[in-house]
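Peer 1: Got a structure for you, written out below as structure tokens; questions coming shortly.
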Amino acid sequence: MEELIPKIGLEIHLELQTKTKLFCPCKNDPEETEPNRNICEICTGQPGVLPVLNKQAVIYAYSLAKALKMKVNYKSEFARKNYFYPDLPKNYQISQYEYPLGEQGIFYLVRENLEKKVRIRRIHLEEDTGRNLHFGNYSLVDFNRSGVPLIEIVTEPDLRSAEEVEIFAEELVLLIRHLGISSADAEKGQIRFEANVSLAPGESLGTKVEIKNINKIKSLVEAVKYEIGRQKELILKGEKIVQETRGYDENKKITFSQRWKEEAEDYRYFPEPDLPPLIIDEEIEKNALYVETPGEIKMRFKKEYGLDYKFSQILVLEKERVYFFEETLSELRKLLSDPDLSLKLLINFFINDFIGFLEKYGLEIRRENITPHEFAHLLYLYSQNKISSKIVKEALELGIKGEMKVEDVIKEKEMISDAEVLDKIIEEVIKEFPQSVEDYIKGEEKALEFLIGQVMKKTKGRAEPNLTRQIILEKISHAK
Ligand SMILES: [Zn+2]
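Going by this note's numbering, the first residue of the sequence shown is number 366, and it counts up by one from there.
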């Protein structure tokens, strides 16, 4: 039998972090814990009300479509998805069906041993539903979430393993955070996953099983892994895979049949009569956010700076790290004429020290504490032997914590390599310890170290050691 290859597609629901809901002025607040605080007649589906579209949500969705290199439908439409459920008071959800906002996108997965293009079938805007809360023998409904803007992202079945699913989900979350359209915090339900899994030889697709309602990337990966194993076993036994929807039990770590059949026609989609067509106008284009995806950044950094993916993976974990790295490099290259040396210096101190300190103290980069220019200046002084690597690290640590400005650390710690300044200090030391000078002349090597030590003491360790030694020797040879 030919090898069975998994074909996995994902459907992701992402809550957007707009100030207000998608069709009403209610607050969109994922932190609200008191039920039914942020509700009005629109998001609770009272008769006779009219939805008004939140433009910010459109700007966010358009920004994601552009980042995913999608074909944007500049005129799309909203549709009613009809079904009955207690958390959906209108008995329909306003979504997009035939004409989504974006189609045919591409997302690059780039990791140490992976470079892969995943096709994105579509993204569309829709409203979230409320939430049913179950208490023993009765249930209550909380409508705080009802009408919160969602983007649904649907991929083609291009993923081939649970590992690729994990990387896709992680990289997508990074992109969403770089765009700043949502925190994509799974714990708060801001991102939810569904996976469709089939197994077949070569490039062909097998019978598709959908796994619904997964709330964490970890569970998504486990569910997909389990489902691949389950299907493989059945196929090898000669049994048929049933096309069905399955749930995932986080405790037992298994998928289970939910035995309902769902077809698009069941929803009786039709165009939403209460909303005009969704038009992407100049204002939306002007206010959209345009970013590189984490994969694109990694590929560019490899090409431009020769950085390996393991290194740049640490950078893309936060957009500000990427910006800070590139800005510091460009500042340093202005100070040092050697661009390769600049890059080497920055790489040496960026991950272990700069990011190391940030992570040690659980901090984010704060430019009011340290700027790329200050970082570059530190590295420049280091390259000129004006400060030691110990001082670079100390200045970075104090700067990141906001305890001391980098320039003050330098002022305090910068090595004295000004011969005139050192000359005066050494003159004093020689006058204070004539015996040591004589001892050295008699051949006692240790006496020289003693004199250097005294200069260090007077300068609090800031005297440049080689120059200090040289000046002392010159003075002693004159004294002979
Ligand atoms: Zn409302």
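Virtual Cβ for every residue (Gly too), placed ideally from N, Cα, C. Predicted model only: the values in this text are computed from it and were never measured.
For the region 791-843, list the beta strand (DSSP E) runs that are entirely contained and at least 3 residues long, ordered along the chain.
Peer 2: Listed in chain order, nothing qualifies, since the region 791-843 has no complete beta strand (DSSP E) run of 3 or more residues.
Peer 1: Check the C-beta distance from Glu592 over to Lys577 and give it rounded, since I have them as a contact under 8 Å.
Peer 2: In the sequence shown, the residue the question calls residue 592 occupies position 227. In the sequence shown, the residue the question calls residue 577 occupies position 212. In fact, because the Cβ distance is near 12 Å, the residues do not count as touching under 8 Å.
Peer 1: Rounded to a whole number of angstroms, what is the C-alpha to C-alpha distance between Ala629 and Gly545?
Peer 2: Working through the sequence shown from its first residue, we reach residue 629 at position 264. Working through the sequence shown from its first residue, we reach residue 545 at position 180. Note that Ala629 scores 48 on pLDDT, short of 50, meaning its location in the model is unreliable and no value can be drawn from it.
Peer 1: Please go through the same chain and pick out, in chain order, the residues whose beta-carbon is closer than 7 Å to the beta-carbon of Ala812, but skip the five residues on each side of it.
Peer 2: In the sequence shown, the residue the question calls residue 812 occupies position 447. Once the five neighbours on either side are set aside, the close Cβ partners of Ala812 are Ser801, Asp804, Tyr805.
Peer 1: Quick test of your reading: Ala828 and Leu761, contact by CB under 8 Å. State the CB separation rounded to the nearest angstrom.
Peer 2: In the sequence shown, residue 828 corresponds to position 463, counting from 1. In the sequence shown, residue 761 corresponds to position 396, counting from 1. Incorrect: roughly 23 Å between the Cβ atoms, too far for contact.
Peer 1: Helix or strand or just coil, what does DSSP make of Val506?
Peer 2: The residue labelled residue 506 in the question sits at position 141 within the sequence shown. Val506: strand per DSSP, three-state reduction.
Peer 1: State the DSSP-derived secondary structure class of Ala549, mapped to helix, strand or coil.
Peer 2: Working through the sequence shown from its first residue, we reach residue 549 at position 184. Reduced to three states, the DSSP call for Ala549 is coil.
Peer 1: Got a sec: does ligand 1 put a non-hydrogen atom nearer than 7 Å to the Cβ of Ile407?
Peer 2: Stepping through the sequence shown from its first residue, residue 407 is reached at position 42. The answer is yes for Ile407.
Peer 1: Using the beta-carbon count (16 or more within 10 Å), is Leu846 buried or exposed?
Peer 2: There is no way to answer for residue 846, as the model of the chain reaches only from 366 to 845.
Peer 1: Which term fits Ile644, buried or exposed, when burial requires 16 or more other beta carbons within 10 angstroms of its beta carbon?
Peer 2: As a first step, residue 644 must be located in the sequence shown, where it is residue number 279. The residue in question, Ile644, is exposed, as its Cβ has fewer than 16 Cβ neighbours within 10 Å.
Peer 1: With DSSP as the reference, label Ile483 as helix, strand or coil.
Peer 2: As a working note, residue 483 is residue 118 in the sequence shown. It should be noted that the sequence gives Val, not Ile, for residue 483. DSSP places Val483 in strand when its eight states are reduced to three.
Peer 1: Would you say the beta carbon of Ile404 comes nearer than 7 Å to a heavy atom of ligand 1?
Peer 2: Taking the sequence shown and counting its residues from 1, the one referred to as residue 404 is at position 39. Yes, since a heavy atom of ligand 1 falls inside the 7 Å radius drawn around the Cβ of Ile404.
Peer 1: Over what stretch of residues does the alpha helix (DSSP H) that includes Tyr634 continue unbroken?
Peer 2: By one-based count along the sequence shown, residue 634 stands at place 269. That residue, Tyr634, is in no alpha helix (DSSP H); it is neither H nor E in DSSP.
Peer 1: Sorry if obvious, but does the Cβ on Gly660 come closer than 7 Å to a heavy atom of ligand 1?
Peer 2: For the purposes of this step, residue 660 is taken as residue 295 along the sequence shown, with counting starting at 1. No - ligand 1 has no heavy atom lying nearer than 7 Å to the Cβ of Gly660.
Peer 1: Helix, strand or coil: which one does DSSP assign to Ala629?
Peer 2: Position 264 of the sequence shown, counted from the start, is the residue given in the question as residue 629. Bear in mind that a pLDDT of 48 at Ala629, under 50, signals an unreliable position, so the number given afterwards is only what the model happens to contain. It is helical.
Peer 1: Is Gly571 a contact residue of ligand 1, with contact defined as CB to any heavy atom under 7 Å?
Peer 2: Here the question's residue 571 lines up with position 206 in the sequence shown. No, since every heavy atom of ligand 1 falls outside the 7 Å radius drawn around the Cβ of Gly571.
Peer 1: State the beta-bridge partners of Leu429 as determined by DSSP.
Peer 2: Residue 429 sits at position 64 when you count from the first residue of the sequence shown. None; Leu429 has no bridge partner.
Peer 1: Measure the alpha-carbon distance for Asp673 versus Glu683 and round it to whole angstroms.
Peer 2: One-based indexing of the sequence shown puts residue 673 at position 308. One-based indexing of the sequence shown puts residue 683 at position 318. Taking the straight line joining both Cα atoms gives about 17 Å.
Peer 1: Give the straight-line distance between the Cα atoms of Thr736 and Glu661, rounded to the nearest whole angstrom.
Peer 2: What you label residue 736 is simply residue 371 of the sequence shown in a count that begins at 1. What you label residue 661 is simply residue 296 of the sequence shown in a count that begins at 1. Answer to the nearest angstrom: the Cα atoms are 25 Å apart.
Peer 1: Are there 16 or more other CB atoms within 10 angstroms of the CB of Thr383, so buried, or fewer, so exposed?
Peer 2: Here residue 383 is taken as the residue at index 18 of the sequence shown, counted from 1. Buried is the call here.
Peer 1: CB of Lys386 to nearest heavy atom of ligand 1: below 7 Å?
Peer 2: In the sequence shown, residue 386 corresponds to position 21, counting from 1. For ligand 1, at least one heavy atom lies less than 7 Å from the Cβ of Lys386.
Peer 1: Excluding the five sequence neighbours on either side, which residues of its own chain have a C-beta within less than 8 Å of the C-beta of Glu477, listed in chain order?
Peer 2: For the purposes of this step, residue 477 is taken as the residue at position 112 of the sequence shown. Once the five neighbours on either side are set aside, the close Cβ partners of Glu477 are Asp673, Tyr674, Lys675, Gln678.
Peer 1: What does Val855 pair with, by DSSP beta-bridge criteria?
Peer 2: Because the chain spans 366 through 845 in this model, residue 855 falls outside it and cannot be assessed.
Peer 1: So, at 7 Å on beta carbons, what are the nonlocal neighbours of Asn403 in its own chain, with the 5 sequence-adjacent residues on each side left out?
Peer 2: Sequence index remark: in the sequence shown, residue 403 carries index 38 (1-based). Only Cys391, Lys392, Asp394, Glu397, Asn509 meet the Cβ criterion.
Peer 1: Is it the case that the CB of Gly512 approaches a heavy atom of ligand 1 more closely than 7 Å?
Peer 2: Numbered from 1 along the sequence shown, position 147 holds the residue referred to as residue 512. Yes, since a heavy atom of ligand 1 falls inside the 7 Å radius drawn around the Cβ of Gly512.
Peer 1: In chain order, what residues of the same chain have a beta carbon less than 6 Å from the beta carbon of Arg698, not counting five sequence neighbours either side?
Peer 2: For this step, residue 698 is matched to residue 333 along the sequence shown. Pro704, Ser707.
Peer 1: Starting from the Cα of Leu763, find the closest Cα among Gly721, Glu521, Ile791 and give me that residue.
Peer 2: Position 398 of the sequence shown, counted from the start, is the residue given in the question as residue 763. That would be Gly721, whose Cα lies nearest to the Cα of Leu763.
Peer 1: With DSSP as the reference, label Thr620 as helix, strand or coil.
Peer 2: Locating residue 620 in the sequence shown gives position 255, where the first residue counts as 1. Of the three classes helix, strand and coil, the one that applies to Thr620 here is strand, per DSSP.
Peer 1: Could you please give the first and the last residue of the uninterrupted alpha helix (DSSP H) stretch that includes Leu544?
Peer 2: The residue you call residue 544 lines up with position 179 of the sequence shown. First-last of the alpha helix (DSSP H) with Leu544: 527-544.
Peer 1: Considering only the alpha carbon of each residue, which of Thr620, Ile485, Thr385 lies closest to Gly470?
Peer 2: On the sequence shown, residue 470 is found 105 positions in, with the first residue counted as 1. Among Thr620, Ile485, Thr385, the Cα nearest to that of Gly470 is on Ile485.
Peer 1: In the structure shown, what three-state DSSP assignment does Arg686 receive?
Peer 2: Taking the sequence shown and counting its residues from 1, one reaches residue 686 at position 321. Helix, per DSSP.
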